[in-house]
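Novice: Here the sequence shown stands for residues 1083 to 1273, numbered as in the numbering used here.
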Amino acid sequence: MSDSDKFGSTDCHVCPWWLAYTFDNPLRRLAHDPEKMLGKFIKEGDTAVDIGCGMGHFSIGMAKLVGEMGRVVSADLQEEMLERVRSRALKQGLLPRIILHKCSPDRLGVNEKADFALGFWMVHEVRDKESFFNEVVAFLKPGGRFLIAEPRIHVTESYFRKLADTAAQSGLKPDSEEKINLSRAIIFIKP
1083 MSDSDKFGST DCHVCPWWLA YTFDNPLRRL AHDPEKMLGK FIKEGDTAVD
1133 IGCGMGHFSI GMAKLVGEMG RVVSADLQEE MLERVRSRAL KQGLLPRIIL
1183 HKCSPDRLGV NEKADFALGF WMVHEVRDKE SFFNEVVAFL KPGGRFLIAE
1233 PRIHVTESYF RKLADTAAQS GLKPDSEEKI NLSRAIIFIK P
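(1) Just tell me which of Ala1267, Gly1143 and Leu1200 has its CA closest to the CA of Gly1226.
(2) Alpha carbons only, please: which of Ser1169, Ser1186 and Cys1185 is nearest the one belonging to Pro1178?
(3) Please state the DSSP three-state secondary structure of Ser1252.
(4) What distance in whole Å lies between the Cβ atoms of Ser1156 and His1183, which are believed to be in contact at a cut-off of 8 Å?
(5) Can you list the alpha helix (DSSP H) stretches of 4 or more residues lying completely in the segment 1117-1191, in chain order?
(6) How about Glu1260 and Ile1269: do their beta carbons lie closer than 8 Å?
(7) Quick check: the Cα distance between Ser1252 and Arg1243, rounded to an integer number of angstroms?
(8) Compare the Cα-Cα distances from Ala1145 to each of Phe1221, Ala1171 and Asp1188 and report the closest residue.
(9) Cα separation between Ser1265 and Val1237?
(10) What are the boundary residues of the beta strand (DSSP E) that Lys1211 is part of?
(11) Pull the bridge partners of Pro1233 from the DSSP assignment, please.
(12) With 16 as the cutoff for other CB atoms within 10 Å, does Gln1174 come out buried or exposed?
(13) Whole angstroms are fine: how far does the CA of Ala1267 sit from the CA of Leu1254?
(14) So, for Pro1224: in the same chain, excluding its five sequence neighbours on each side, which residues have a beta-carbon less than 8 Å away from its beta-carbon?
(15) Taking only heavy atoms of the ligand ATP into account, decide whether any of them is closer than 7 Å to the Cβ of Glu1126.
(16) Expressed to the nearest angstrom, what Euclidean distance is found between the alpha-carbon atoms of Phe1215 and Leu1147?
(17) Taking the alpha-carbon positions, what's the Glu1239 to Ile1124 distance?
(18) With DSSP as the reference, please indicate the residues paired to Leu1112 in a beta bridge.
(19) Pull up the DSSP beta-bridge partners for Phe1202, would you.
See the structure below:
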């Protein structure tokens, strides 16, 4: 994505479900181990939201972190992605902890109040970023955290700064930049 791309464009690119197999595979844990990456943000009993969950790489790790009393909302636009999450969670005995949620291109529609939310390599695909961030603010509990990570090879530094500024304008408070392989990442807190 070049700096000249219109920020907040109504054009929307969504990663096709079948392409997810190219990057959501066993080797991915070497670069993005969900428990190691998210363990400092998620505790047992929490409710966490995996926005744009894809095939469930992070949802499965989050379900392990929240424990039996916690819940993970796995939200995605594509039914095929949610079916893959269901299958993976069932195989690992984690399905009771996961709420599968199909969102629309224009609305997340998450109703659960959450302690943590993750937008991993997907915020740049959102059409209306202001509305998106407003929805995240609405479902996060006070003190809740939102981690945004975007791919370095696809999202420029200046575009990422615009994303962060838009999130801050929605009421999220920037807390710290996070070091995540191959990514630009920042954690926000809902005051």
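By construction, the Cβ of each residue, glycine as well, lies at the ideal position given by its N, Cα and C atoms.
Specialist: According to the data block:
(1) Among Ala1267, Gly1143 and Leu1200, the Cα nearest to that of Gly1226 belongs to Leu1200.
(2) Comparing Cα-Cα distances from Pro1178 to each of Ser1169, Ser1186 and Cys1185, the minimum goes to Ser1169.
(3) Ser1252 sits in coil when the DSSP states are folded into three classes, being neither helix nor strand.
(4) Correct: roughly 7 Å between the Cβ atoms.
(5) 1139-1148 and 1161-1173, all fully within the segment 1117-1191.
(6) Contact flag set, yes.
(7) Separation of Ser1252 and Arg1243 (C-alpha to C-alpha, rounded to the nearest whole angstrom) is 14 Å.
(8) Nearest C-alpha to Ala1145: Ala1171.
(9) About 9 Å.
(10) No beta strand (DSSP E) holds Lys1211; the alpha helix (DSSP H) holding it covers Lys1211 to Phe1221.
(11) Bridge partners of Pro1233 according to DSSP: Ser1265.
(12) It is exposed - the Cβ of Gln1174 has fewer than 16 other Cβ atoms within 10 Å.
(13) C-alpha of Leu1254 to C-alpha of Ala1267: approximately 15 Å in a straight line.
(14) Only Lys1272 and Pro1273 meet the Cβ criterion.
(15) Within the structure as shown, the ligand ATP is missing, as the structure has no ligands at all.
(16) When rounded, the separation of the alpha-carbon atoms in Phe1215 and Leu1147 is 24 Å.
(17) So the two alpha carbons sit approximately 27 Å from each other.
(18) Beta-bridge pairing links Leu1112 to no other residue.
(19) Residue pairing of Phe1202 in beta bridges, as defined by DSSP: Ala1231.
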